[in-house]
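Q:
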Amino acid sequence: MDCQYLPLTSTGQFSSLFLDYINKKDSLTPFYNRFPDVAAFGGQIADKSFDASKRQVLVNTLERQYAGIANKPDFSVLLQPNTFTVTTGHQLNIFTGPLYIVYKLITTINLARKLKETYPDYNFVPVYWMATEDHDFAEINHFSMFGRSYVWQTEQRGAVGRMNPQELKALFTQIPEKLALFEEAYFNQDTLANAVRYYINELFGAEGLVCLDADDAALKRLFAPVMRDELIHHRSGELVQQKTQELENLGYKTVIAPRDINLFYLDDQLRERIERKGDGTYKIINTQLKFSEPELLDILEQNPERFSPNVVLRPLYQETILPNLAYIGGPSEVPYWLQLKGVFEHFQTAFPILMPRNFAMYVPAVSAKRICKLGLTPEELFQDTLTLKHAYVEHHARHALKFDNENKTVNKALDAILHKAQMVDPTLEKAVLAETKRFANAVARLEKKMRRAEERNQETGVRQLLAVKNELFPNGGLQERSENFLTFYLTDRQFLQKMLAVFNPFDYRMQLCLE
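Anchor point for the sequence shown: position 436 equals 435 in numbering that gives the first Met the number 0, and the numbering is continuous, going up by one each time.
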């Protein structure tokens, strides 16, 4: 596989906050701990403390969650004090969702490998944090394969990880391809979380990837002191707002907005925000549930699994229950972590190294040959379609499509005419300028006609150009944000291994992978 690289700044696809972070802009230094280069992990290892009792809870939880799964990873290594994790997380998109989710997992696996090479005295376990408690079903209920979209319809509500995936049987009748792995996962597991764990283990378990479902009473109990503080004192919202204002003062648009209480109340078919009312009681919005402070704190004591951190506290929860060194995220995730450093400092928890995932565009052999034949560079591929087409036509035209030289000659003559007219009668200036404008418009119309004629002359090349553009940028967006990995995996079973082989977790560029 031939790989070509392009700076992310040249793609026009990423926010200024994200780009400035990966380009190490000085003004952003106060918002993170260490920049993600391989040398930074030595200090991160020294900072991360994680006691033996937490390790035991973690391993016991994983053993319980993987019960019945063959070829599961060896979790005992996590009991060792010299073992650390590197983590990525995402929602439980059906059939793995867009390509970039798979790219996040591969980046995390390769990071663990790279760290082992650099720090051989330590062990590094790649972790997929399954966002099982998320309740935004509309974000996970669809996927795109071979340009066609498939959607899961359900009446189930609440945390998606608890949903029963049996309803997906109806979706399989619409899919012409045989997807045995996903049939096995969705038809034989009772929750979406268990189904995702099953197929991710089949795809990446041999690479050492561990799936963690944090919707667990034992893990929540480790986080209960923070949740208690949040319910009583609501400090996290103020701390995040402080960092948010600092970022906005620097001219950046921020990603997340904190609440007064950054916790949800979680139960079957229910995940709703907790609000504190003026009379000191706590209301679960969109329900009839209402608790006094002692009642709610008693529920936390007895059933910590009833509480679910939102986007503000979830990262802190992750770092509380894992011996974690780094979080691997996308162009929206890394920026919102920059809003959270104050929360970590308040709770005296090491802030992880924030690493962008790998960014890639996979170019199948047929398209790769077309790109070579058309003479396109990576930079040109990221131009908008109209600019790209115009540049291609002009480059391959046998005759110039613009009257630049002719316009210079004519404009010189028009200037002379204007000068003479003004000498005869100054009021003629407007008439001459109007004729000059009409002439310029006529030339522009003629240039457009010549361009269209030349496009017809180059119809084959233009058609191939647009075919490549549409394949790599479906619906005008990045391939990795819409297409599913099955589009390529079903025709090449080595697809995942090829991407594992070419991704460098410390290379923060767009990577074009040409077959």
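Glycine included, every Cβ here is placed at the ideal spot set by N, Cα and C.
1) Do residue 338 and residue 242 have their beta-carbon atoms positioned less than 7 Å apart in this structure?
2) Cα separation between residue 376 and residue 471?
3) Terminal residues of the continuous beta strand (DSSP E) containing residue 122?
4) Along the chain, where does the beta strand (DSSP E) containing residue 265 start, and where does it finish?
5) Would you please state the rounded distance, in angstroms, between the beta carbons of residue 207 and residue 125? I believe it to be under 8 Å.
6) Just list the alpha helix (DSSP H) runs in the region 285-313, keeping only unbroken ones of 4 residues or longer that don't cross its boundaries, in chain order.
7) Exposed or buried, which one is residue 46 when buried takes at least 16 other CB atoms within 10 Å?
8) In terms of residue numbering, what span does the alpha helix (DSSP H) encompassing residue 31 cover?
9) Exposed or buried, what is residue 313 when buried is set at 16 or more other beta-carbons lying within 10 Å of its beta-carbon?
10) What distance in whole Å lies between the Cβ atoms of residue 170 and residue 151, which are believed to be in contact at a cut-off of 8 Å?
11) Taking the alpha helix (DSSP H) that residue 193 belongs to, which residues open and close that run?
12) Please classify residue 29: is it buried, with 16 or more other beta-carbons within 10 angstroms of its beta-carbon, or exposed?
13) Between the Cα of residue 515 and the Cα atoms of 459, 332 and 464, which residue gives the shortest distance?
14) Quick one: grab the DSSP three-state call for residue 162.
15) Per the contact definition of three or more C-beta pairs closer than 8 Å, is the region 358-375 in contact with the region 493-512?
16) Can you give me the start and stop residues for the alpha helix (DSSP H) that residue 222 sits inside?
17) Tell me, please, whether the region 403-421 touches the region 490-498 by the rule of three or more beta-carbon pairs shorter than 8 Å.
18) Assuming residue 307 contacts residue 270 under a Cβ cut-off of 8 Å, what Cβ separation, rounded to an integer in Å, is found between them?
19) When you compare only the Cα positions, how much space is there between residue 63 and residue 164?
20) Does the distance from the CB of residue 76 to the CB of residue 110 come in under 7 Å?
21) In chain order, which alpha helix (DSSP H) runs of at least 4 residues are fully inside the region 362-435?
22) Which class does residue 89 belong to by DSSP, given the choice of helix, strand or coil?
23) Rounded to whole angstroms, what is the Cα-Cα separation between residue 259 and residue 246?
24) Distance, Cα to Cα, residue 461 vs residue 388?
25) Give the secondary structure of residue 156 by DSSP, where H, G and I count as helix, E and B as strand, and everything else as coil.
26) Mind checking residue 20: buried by the 16 CB within 10 Å criterion, or exposed?
27) What residue range is occupied by the uninterrupted beta strand (DSSP E) comprising residue 1?
28) Does the Cβ of residue 211 have 16 or more other Cβ atoms within 10 Å, making it buried, or fewer, making it exposed?
29) Counting C-beta neighbours from all protein chains within 10 Å, is the total for residue 72 16 or more, i.e. buried, or is it exposed?
30) Under 8 Å by Cβ, that's how I've got residue 100 and residue 197 pegged, so tell me the actual separation to the nearest angstrom.
31) On the CB-based measure, 16 or more other CB atoms within 10 Å of its CB, does residue 205 come out buried or exposed?
32) Who pairs with residue 510 in a beta bridge, going by DSSP?
33) Under the assumption that residue 209 contacts residue 78 (Cβ atoms under 8 Å), give the Cβ distance between them as a whole number of angstroms.
34) Please state whether DSSP places residue 207 in a helix, a strand or coil.
35) Whole angstroms are fine: how far does the CA of residue 373 sit from the CA of residue 458?
36) Counting along the chain, where does the beta strand (DSSP E) carrying residue 52 start and finish?
A: Taking the coordinates as given:
1) yes
2) 14 Å
3) 122-129
4) 262-266
5) 6 Å
6) Taking only runs of at least 4 residues, the alpha helix (DSSP H) segments lying wholly in the region 285-313 are 292-301.
7) Label assigned to residue 46: exposed.
8) Careful: residue 31 lies outside any alpha helix (DSSP H) and carries neither H nor E.
9) buried
10) 6 Å
11) Membership of residue 193 in the alpha helix (DSSP H) is indicated by the continuous run 191-203.
12) exposed
13) Nothing can be reported for residue 515, as the shown portion of the chain is limited to 0 through 514.
14) The answer is coil: DSSP assigns residue 162 none of H, G, I, E or B.
15) yes
16) Bounds of the alpha helix (DSSP H) holding residue 222 are 216-232.
17) No, because fewer than three Cβ pairs between the region 403-421 and the region 490-498 fall closer than 8 Å, the two stretches do not touch.
18) 6 Å
19) 20 Å
20) no
21) Annotation note: the region 362-435 contains the following uninterrupted alpha helix (DSSP H) runs of length 4 or greater, listed N- to C-terminal: 364-373, 377-380, 384-395 and 403-423.
22) Reduced to three states, the DSSP call for residue 89 is strand.
23) 20 Å
24) 7 Å
25) coil
26) Classification for residue 20: buried.
27) 1-6
28) buried
29) buried
30) Residue 100 to residue 197, Cβ: 16 Å. No contact.
31) exposed
32) 4 and 359
33) At roughly 13 Å, the Cβ-Cβ gap does not stay under 8 Å, so residue 209 and residue 78 are not in contact.
34) coil
35) 13 Å
36) Taken as a continuous stretch (DSSP letters only), residue 52 belongs to no beta strand (DSSP E), being part of the alpha helix (DSSP H) at 51-64.
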